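Chemist: For reference, the structure I am asking about is given below.
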Amino acid sequence: MRRIHMTTPSRQVLLCCAIALVLGALGGCTSLLPTSRTDVASRWTSYEDAERALATMQAFEARRDDVHRQGLDPRLGPGITVLHFADVLQRFAAVVQSRPDHVDPGVNACLQAGQRCSGYAISVKKLSRQRVGNFWVDSLDFRRETVTTGWSVEVLLVFVDDTLVYKLVGGQPTIREVDVQRKPLGPLQGWGQQLAR
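In our numbering, the protein residues as written are 64 to 260.
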């Protein structure tokens, strides 16, 4: 019977392949980490897109139908809250009480109109959360790093009857947050609390 011996170069190649396989398994597992998204359905694809769309609506010129044509109809789109007069009044109460002479003309028109004044509070956001880092370190709960990116926009539109009288746009054009949770003992970190129960 003939014996086959591995030569030294074959062992080196086999060792290199094994090391590459282990490193690939450890480093390539990032795609196995969880991801999540938060979207409020909207025509807007960015904060700038929202600003451009809202720039076309001018106070005392735009009508409620013009706002609805921009995709901001509360009956059809999520993220839009219909405000009655008391809701609108509550949002401006501090300004009206402290500096009544500095109230915006649109807000003043709303106050004069009383029950004929209403509004829309619009909140749209697009967020993506992705866990990054080493799969095993994350899975064993030693270190978890989550990166959140996206944007959000908050809009207040005030109407008297069907005429837009006031518009306020704000929000975060760019969101980038990094959350790092570190537990030096990994999965053993919570055992003390479990034993205390």
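Just so you know, even glycine gets a beta-carbon here, dropped at the ideal spot from N, CA and C. Everything numeric in this text was worked out from a predicted model, so none of it was measured.
Looking at the unbroken beta strand (DSSP E) that takes in Arg-207, where does it start and where does it end?
Modeler: It spans 206-223 - the beta strand (DSSP E) in which Arg-207 sits, taken as one unbroken run.
Chemist: According to DSSP, is Gly-182 helix, strand or coil?
Modeler: DSSP places Gly-182 in strand when its eight states are reduced to three.
Chemist: Excluding the 5 residues preceding and the 5 following Asp-224 in the sequence, name in chain order all residues of the same chain whose CB lies nearer than 8 Å to its CB.
Modeler: Once the five neighbours on either side are set aside, the close Cβ partners of Asp-224 are Ala-176 and Arg-179.
Chemist: Just to confirm, are Ser-105 and Gly-134 a CB contact at a threshold of 8 Å?
Modeler: The answer is yes: Cβ separation under 8 Å.
Chemist: Starting from Asp-102 and walking both ways along the beta strand (DSSP E), at which residues does that stretch end?
Modeler: It spans 98-102 - the beta strand (DSSP E) in which Asp-102 sits, taken as one unbroken run.
Chemist: DSSP three-state label for Ser-109, please.
Modeler: DSSP places Ser-109 in coil when its eight states are reduced to three.
Chemist: Do Val-130 and Lys-188 come within 8 Å of each other at the CB atom, strictly closer than that value?
Modeler: No, they are not a contact pair.
Chemist: How big is the Cα-Cα spacing for Asp-204 and Ala-149?
Modeler: Rounded to the nearest angstrom, the two C-alpha atoms are 49 Å apart.
Chemist: Between Ala-122 and Gln-160, what straight-line distance do the alpha-carbon atoms span, to the nearest angstrom?
Modeler: If I take the Cα positions, the gap works out to 23 Å.
Chemist: Our contact map puts Val-221 next to Val-166 with C-beta atoms below 8 Å; I'd like the distance itself, whole angstroms only.
Modeler: Val-221 to Val-166, Cβ: 12 Å. No contact.
Chemist: Nearest by alpha-carbon distance to Ser-191: which of Ser-99, Met-120 and Gly-249 is it?
Modeler: For Ser-191, the nearest C-alpha among the options comes from Ser-99.
Chemist: Have a look at Arg-115 and Val-228 and give me their C-alpha separation to the nearest angstrom.
Modeler: Rounded to the nearest angstrom, the two C-alpha atoms are 18 Å apart.
Chemist: To which residues of the same chain is Arg-206 closer than 6 Å at the C-beta, ignoring the five residues directly before and after it?
Modeler: Once the five neighbours on either side are set aside, the close Cβ partners of Arg-206 are Val-200 and Arg-245.
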